[in-house]
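Undergrad: From first to last, the protein sequence lines stand for chains A and B. First residue of the first sequence? That's 0 in numbering that gives the first Met the number 0, and the numbers climb one at a time after it. First residue of the second sequence? That's 0 in numbering that gives the first Met the number 0, and the numbers climb one at a time after it.
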Amino acid sequence: METWSTYQQKELANRLLLRVKSLAAAIAGKYGRRPVIMEVCGTHTVALSRTGLRSLLAGCIDLRSGPGCPVCVTAPEEIDYMLFLARQPGVIIATFGDMVRVPGSMGSLEKAKIEGYQIQVCYSPREAVTLARSNPDREIIFLGIGFETTAPAVGLAVKEAAVLRLKNFTIYSAHKLVPPALASLAGDPELKLDGLLLPGHVSAIVGRWAFTFLAKEYNLPAAIAGFEALDILGALLELLVQIQEGEAQVINAYPRVVSEKGNPKAQEILREVFSLAPSNWRGLGLIPLSGLKLNNAYQAFDATRRWPLAIRPSPPPEGCRCGSVLKGLSLPTQCPLFGRHCTPLRPVGPCMVSSEGSCAAYYRYSRKAG
Amino acid sequence: MTKYNSMIETISLAHGDGGELTHQLISDLFLRYFHDEALQPLNDAALLPFPAGRLALTTDSFVVKPLFFPGGNIGTLAVNGTVNDLAVSGARPLYLTVGLILEEGLPISVLEEVIVNIATAAREAGIAIVTGDTKVVEHGHGDLIYINTTGIGVVDDCINLDYRRIRPGDVIICSGSVGDHGLAVIAARENFGLEGLKSDCAALHTLILPLLENFSSTVKWLRDPTRGGLATTMKELAQSAQVNIILSEEAIPVHDNVRGGAEILGLDYLYLANEGKFCAVVDKIAVEDVLAFLRRHSLGREAAVIGEIKKGSGRVFLRTALGATRELYLLSGLQLPRIC
Ligand code: SF4
Numbered sequence: 000m001e002t003w004s005t006y007q008q009k010e011l012a013n014r015l016l017l018r019v020k021s022l023a024a025a026i027a028g029k030y031g032r033r034p035v036i037m038e039v040c041g042t043h044t045v046a047l048s049r050t051g052l053r054s055l056l057a058g059c060i061d062l063r064s065g066p067g068c069p070v071c072v073t074a075p076e077e078i079d080y081m082l083f084l085a086r087q088p089g090v091i092i093a094t095f096g097d098m099v100r101v102p103g104s105m106g107s108l109e110k111a112k113i114e115g116y117q118i119q120v121c122y123s124p125r126e127a128v129t130l131a132r133s134n135p136d137r138e139i140i141f142l143g144i145g146f147e148t149t150a151p152a153v154g155l156a157v158k159e160a161a162v163l164r165l166k167n168f169t170i171y172s173a174h175k176l177v178p179p180a181l182a183s184l185a186g187d188p189e190l191k192l193d194g195l196l197l198p199g200h201v202s203a204i205v206g207r208w209a210f211t212f213l214a215k216e217y218n219l220p221a222a223i224a225g226f227e228a229l230d231i232l233g234a235l236l237e238l239l240v241q242i243q244e245g246e247a248q249v250i251n252a253y254p255r256v257v258s259e260k261g262n263p264k265a266q267e268i269l270r271e272v273f274s275l276a277p278s279n280w281r282g283l284g285l286i287p288l289s290g291l292k293l294n295n296a297y298q299a300f301d302a303t304r305r306w307p308l309a310i311r312p313s314p315p316p317e318g319c320r321c322g323s324v325l326k327g328l329s330l331p332t333q334c335p336l337f338g339r340h341c342t343p344l345r346p347v348g349p350c351m352v353s354s355e356g357s358c359a360a361y362y363r364y365s366r367k368a369g
Numbered sequence: 000m001t002k003y004n005s006m007i008e009t010i011s012l013a014h015g016d017g018g019e020l021t022h023q024l025i026s027d028l029f030l031r032y033f034h035d036e037a038l039q040p041l042n043d044a045a046l047l048p049f050p051a052g053r054l055a056l057t058t059d060s061f062v063v064k065p066l067f068f069p070g071g072n073i074g075t076l077a078v079n080g081t082v083n084d085l086a087v088s089g090a091r092p093l094y095l096t097v098g099l100i101l102e103e104g105l106p107i108s109v110l111e112e113v114i115v116n117i118a119t120a121a122r123e124a125g126i127a128i129v130t131g132d133t134k135v136v137e138h139g140h141g142d143l144i145y146i147n148t149t150g151i152g153v154v155d156d157c158i159n160l161d162y163r164r165i166r167p168g169d170v171i172i173c174s175g176s177v178g179d180h181g182l183a184v185i186a187a188r189e190n191f192g193l194e195g196l197k198s199d200c201a202a203l204h205t206l207i208l209p210l211l212e213n214f215s216s217t218v219k220w221l222r223d224p225t226r227g228g229l230a231t232t233m234k235e236l237a238q239s240a241q242v243n244i245i246l247s248e249e250a251i252p253v254h255d256n257v258r259g260g261a262e263i264l265g266l267d268y269l270y271l272a273n274e275g276k277f278c279a280v281v282d283k284i285a286v287e288d289v290l291a292f293l294r295r296h297s298l299g300r301e302a303a304v305i306g307e308i309k310k311g312s313g314r315v316f317l318r319t320a321l322g323a324t325r326e327l328y329l330l331s332g333l334q335l336p337r338i339c
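(1) Measuring only the C-alpha atoms, how far is R311 of chain A from V177 of chain A?
(2) What residue from B:A250, B:G168, B:A187 and B:A118 has the CA that sits closest to T217 of chain B's CA?
(3) Report whether the distance from the Cβ of C71 of chain A to the nearest heavy atom of the ligand SF4 is below 6 Å.
(4) Thinking C-alpha only, which one of A:G338, A:V324 and A:E244 is nearest G41 of chain A?
(5) Does any residue of chain B have a CB that is nearer than 7 Å to the CB of L344 of chain A?
(6) Nearest CA to the CA of S215 of chain B: which residue from B:V87, B:Y32 and B:I158?
(7) Does A252 of chain A get closer than 7 Å to chain B when you measure Cβ to Cβ?
(8) Which residue wins for smallest C-alpha separation from C278 of chain B, given the options B:H34, B:L56, B:L264 and B:L203?
(9) Flag this pair as touching only if the region 267-281 of chain B and the region 176-193 of chain B have three or more C-beta atom pairs under 8 Å; answer yes or no.
(10) So, with DSSP's three-state summary, where would you put S26 of chain B?
(11) Which residues in chain B sit within 8 Å of F226 of chain A, going by Cβ to Cβ distance?
(12) What residues from chain A crowd round S176 of chain B, counting only those whose CB sits closer than 7 Å?
(13) Once the 5 residues before and after K112 of chain A are set aside, which same chain residues still bring their CB inside 7 Å of it?
(14) Between which two residues does the alpha helix (DSSP H) containing L46 of chain B stretch?
(15) Nearest to A45 of chain B by CA position, among B:G306, B:T119, B:T232 and B:V97, is which residue?
(16) What residues match up with Q117 of chain A in a beta bridge as DSSP calls it?
(17) Tell me whether G259 of chain B, by its Cβ, gets closer than 6 Å to a heavy atom of the ligand SF4.
(18) Can you list, in chain order, the residues of its chain with a C-beta nearer than 7 Å to that of N116 of chain B? Leave out the 5 residues immediately preceding and following it.
(19) For A93 of chain A versus A127 of chain A, is the C-beta spacing smaller than 7 Å?
(20) Assign P102 of chain A to one of two classes, buried (16 or more other C-beta atoms within 10 Å of its C-beta) or exposed (fewer than that).
(21) Please name the residues in the region 200-224 of chain B whose beta-carbon is closer than 7 Å to at least one beta-carbon of chain A, in chain order.
(22) Do S133 of chain A and Y364 of chain A count as a contact pair if the criterion is CB distance below 7 Å?
(23) Between P343 of chain A and S331 of chain B, how many whole angstroms is the CB-CB distance? I'm expecting something under 8 Å.
(24) Are any of the Cβ atoms in chain B nearer than 7 Å to that of T50 of chain A?
(25) Please find out if some non-hydrogen atom of the ligand SF4 comes closer than 6 Å to the beta-carbon of P386 of chain A.
(26) Looking only at C-alpha atoms, which of A:E216, A:G194 and A:P34 sits nearest to A224 of chain A?
(27) Which partner residues of L344 of chain B appear in the DSSP bridge assignment?
(28) Look at the alpha carbon of A85 of chain A and the alpha carbon of R137 of chain A, and state the distance between them as a whole number of angstroms.
(29) Using the C-alpha atoms, what's the distance from Y361 of chain A back to L239 of chain A?
(30) State buried or exposed for D84 of chain B, treating a residue as buried only when at least 16 other CB atoms are found within 10 Å of its CB.
(31) Please list the residues of the region 27-58 of chain A that have a C-beta atom closer than 9 Å to any C-beta atom in chain B, keeping them in chain order.
(32) Would A131 of chain A count as contacting chain B if we go by Cβ distances under 7 Å?
(33) For Q366 of chain A, does the three-state DSSP call read helix, strand or coil?
(34) When you measure from the CB of V101 of chain A to every non-hydrogen atom of the ligand SF4, does any distance come out below 6 Å?
(35) Any beta carbon of chain B sitting closer than 7 Å to that of S354 of chain A?
(36) For the alpha helix (DSSP H) holding F292 of chain B, just list the boundary residues, first then last.
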């Protein structure tokens, strides 16, 4: 495996950068506009800013951030349901830290905590199982947020809880799956994407083949990318070559981590514990088969059964454009609230909360409002 | 010999009430490890001789989770942190006070280990522990141990580390790799299973004082980039001196495991805390000599020139390995490890 130092070989990077730029310029000349490429993953959004690639490429590629931050795509009504759960008697909410500050229509988990409700930040779902064992008189609800990358760990926690016959452990599965969301974006006439930079972490779980429909059904070039500058440049080059040639393939430009079929063990856990369900995405709306619900065998661990609530649609925060940012229709800097009324210290929308959120990444690395 | 069976006993509220248990704690635990003369009479105030020069005074409180982490613990941190604040002010560390806030239920064995570490770190740093205080809070009202230390040192009259001496063209040197402490603590706290991380916690005066002796006119300013990391320290410097700073990403020393670990967790190593490093603003003419001097010392082996002072108005820029330039800001909110 290549090490970082070989990866940072400046010369190679600079050569790649030049090729990417000249190819992009050629394409722009041919089509009369810069090629539009979406980086799906929040980690790519951050890496593009951190390495300076975004500013180096600004003149020749129209880079859009996509729905790749798990906290950000969680629908407003899902957040409100979590806040409802937090206020149930005897409950301890176990959650990833990113979620705590996300505003819903009635405050946030952080606010609930200040009001005296129990919110416990966990870094792995198994911690929530441990929490349940050491607090037998409390109900532990784990908030299952995330993509194919985190869902297997939640699945494992549920299996462990089943083995231990825990009666006081449930999860709220608001997991989301990336390929169906990309299908919805690929088919969106408003967006006119020329290429997709696919998420390396998710691809490591689902495998390259899970994205081949993008080329076959939507004629959309795509490339799976790692997170170093060179990984990203290499994948961009693959995309531009295809765009130039008018071809569409799904290229694995991160083969040292991603395989054709993905991680069979993780997929096995997902199949065993969950089944597909429709899911509501912030900005993207209801997408069929894009969520995960617990299978029949594990329904005892489903928080929505123990605390049913008719989930009504909640309005997104007033003035917040997260929806259109997540779809790649607006840049964060085009939101009128960006950097003025909305900052990481006083976030209006979830995209400003999570470190992976597009607005937070743009704010962290370039504070200019658009 | 201690009267405690420290394996089973825990701190109770009575240990902080000033009564019998408090006295027992002092005599059996604290005085067992803290031997400094000034402490022995247990008066209300320590009476201390003071050499000629200016007095430097600094105070800091230490809260860290977990208490013990690879490369250090809350005890070594509480001593070295304050010693370093004195050292970067050009002061020779003399006296230290130690205030403890203990949580009811804390195992005495844990307290003892922390006290041993405080005593050892102070002895190694050559700073005398001269007075202290202990309070106990109810269970659930503290994170096991909080420590406050106040340090007193003396600054030679010939030392001047005022940022107003800084001029465009001066060079910034960092004494070694950044991010080690911050990432080691986060990794230990959250049990991320990242291997090989180690806090850089160390007392820096053994390097800084000789440096100032040899380069008093060309070393213009010093700071230890603790909380908020290198980026925050640079931003504070740029703002107070009203200059701009250009840093070179490639020149900043970072260990591969820190770079990789931070990458995985979505953290920026430029903002991770350091506990055994300092940054110096140095006159360009002395750069090579200062670097050579630092690199001869075990705490400065990886010292490097990381950037330059420019005319400006308080902005910090980072030239990335790819040749792009991006601005660095103060961190807005906590750095949280990411979900996916
Ligand atoms: S800047 Fe704030 S309000 Fe605007 S889209 Fe982003 S998160 Fe929403």
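Just so it is clear, CB atoms sit at the ideal spot from N, CA and C, and this is done for glycine as well. Note that the coordinates shown come from a computational prediction; the quantities given were computed from them, not determined experimentally.
TA: According to the structure data:
(1) Position 312 of the first sequence, counting from 1, holds the residue named residue 311 of chain A. Position 178 of the first sequence, counting from 1, holds the residue named residue 177 of chain A. Rounded to the nearest whole angstrom, the CA to CA distance from R311 of chain A to V177 of chain A is 24 Å.
(2) The residue labelled residue 217 of chain B in the question sits at position 218 within the second sequence. Scanning B:A250, B:G168, B:A187 and B:A118 for the CA closest to the CA of T217 of chain B turns up B:G168.
(3) Sequence index remark: in the first sequence, residue 71 of chain A carries index 72 (1-based). C71 of chain A has its Cβ no nearer than 6 Å to any heavy atom of the ligand SF4.
(4) Sequence index remark: in the first sequence, residue 41 of chain A carries index 42 (1-based). Closest option to G41 of chain A, Cα to Cα, is A:V324.
(5) Taking the first sequence and counting its residues from 1, the one referred to as residue 344 of chain A is at position 345. At least one chain B Cβ lies under 7 Å of L344 of chain A.
(6) Here residue 215 of chain B refers to the residue found at position 216 of the second sequence. The residue with the shortest Cα to Cα distance from S215 of chain B is B:I158.
(7) Taking the first sequence and counting its residues from 1, the one referred to as residue 252 of chain A is at position 253. With 7 Å as the cut-off, A252 of chain A does not count as an interface residue toward chain B.
(8) Numbered from 1 along the second sequence, position 279 holds the residue referred to as residue 278 of chain B. Minimum Cα distance to C278 of chain B is reached at B:L203.
(9) Two segments are said to touch when three or more pairs of C-beta atoms, one from each, lie closer than 8 Å; by this definition the region 267-281 of chain B touches the region 176-193 of chain B.
(10) What you label residue 26 of chain B is simply residue 27 of the second sequence in a count that begins at 1. Under the three-state reduction of DSSP output, S26 of chain B falls in the helix class.
(11) Your numbering for residue 226 of chain A matches position 227 in the first sequence. Neighbours of F226 of chain A on chain B, chain order: E262.
(12) Counted from its first residue, the second sequence places residue 176 of chain B at position 177. Within chain A, no residue comes near S176 of chain B; the closest Cβ sits about 14 Å away, beyond 7 Å.
(13) Reading the first sequence from its first residue, position 113 is the one you call residue 112 of chain A. Cβ within range, chain order: I118.
(14) Translated into positions along the second sequence, residue 46 of chain B becomes position 47. Where L46 of chain B is concerned, there is no enclosing alpha helix (DSSP H), given that its DSSP letter is neither H nor E.
(15) For the purposes of this step, residue 45 of chain B is taken as residue 46 along the second sequence, with counting starting at 1. Considering only alpha carbons, the answer is B:V97.
(16) Mapped onto the first sequence, residue 117 of chain A falls at position 118. Residue pairing of Q117 of chain A in beta bridges, as defined by DSSP: A:I91.
(17) To locate residue 259 of chain B, count along the second sequence from 1; it is residue 260. No, since every heavy atom of the ligand SF4 falls outside the 6 Å radius drawn around the Cβ of G259 of chain B.
(18) The sequence position of residue 116 of chain B within the second sequence is 117, counting from 1. Around N116 of chain B: N72, G74 and T75.
(19) Locating residue 93 of chain A in the first sequence gives position 94, where the first residue counts as 1. Locating residue 127 of chain A in the first sequence gives position 128, where the first residue counts as 1. Contact: yes.
(20) To locate residue 102 of chain A, count along the first sequence from 1; it is residue 103. By the neighbour-count criterion, in which a residue is buried when 16 or more other Cβ atoms sit within 10 angstroms of its Cβ, P102 of chain A is buried.
(21) Within the region 200-224 of chain B, no residue qualifies.
(22) Looking up residue 364 of chain A in the first sequence gives position 365. Looking up residue 133 of chain A in the first sequence gives position 134. Here Y364 of chain A is not near S133 of chain A, since their CB atoms are 7 Å or more apart.
(23) To locate residue 343 of chain A, count along the first sequence from 1; it is residue 344. To locate residue 331 of chain B, count along the second sequence from 1; it is residue 332. Correct: roughly 4 Å between the Cβ atoms.
(24) The sequence position of residue 50 of chain A within the first sequence is 51, counting from 1. At a cut-off of 7 Å between beta carbons, T50 of chain A contacts chain B.
(25) No answer is possible for residue 386 of chain A: the residues shown for chain A start at 0 and end at 369.
(26) Locating residue 224 of chain A in the first sequence gives position 225, where the first residue counts as 1. Selected option, being the one with the closest Cα: A:G194.
(27) Since the first and last residues shown for chain B are 0 and 339, residue 344 of chain B lies out of range.
(28) Taking the first residue of the first sequence as position 1, residue 85 of chain A is located at position 86. Taking the first residue of the first sequence as position 1, residue 137 of chain A is located at position 138. Each residue's Cα considered, the two are about 12 Å apart.
(29) The residue you call residue 239 of chain A lines up with position 240 of the first sequence. The residue you call residue 361 of chain A lines up with position 362 of the first sequence. Their Cα atoms are separated by approximately 24 Å.
(30) Sequence index remark: in the second sequence, residue 84 of chain B carries index 85 (1-based). Within 10 angstroms of the beta-carbon of D84 of chain B lie 16 or more other beta-carbons, which makes it buried.
(31) When CB distances to chain B are screened at a threshold of 9 Å, the residues of the region 27-58 of chain A falling below it are C40, G41, T42, V45, A46, S48, R49, T50, G51, L52, R53, S54 and L55, in chain order.
(32) For the purposes of this step, residue 131 of chain A is taken as the residue at position 132 of the first sequence. False, the Cβ-Cβ gap to chain B never drops below 7 Å.
(33) Start at 1 with the first residue of the first sequence, and residue 366 of chain A comes out as number 367. Looking at the sequence shown, residue 366 of chain A is not Gln but Arg. DSSP, reduced to helix, strand and coil, places R366 of chain A outside both helices and strands of the structure shown, so it counts as coil.
(34) By one-based count along the first sequence, residue 101 of chain A stands at place 102. No - the ligand SF4 has no heavy atom lying nearer than 6 Å to the Cβ of V101 of chain A.
(35) For the purposes of this step, residue 354 of chain A is identified with residue 355 of the first sequence, where counting begins at 1. Chain B contact via Cβ: present.
(36) The residue you call residue 292 of chain B lines up with position 293 of the second sequence. Its alpha helix (DSSP H) spans residues V286 to R294.
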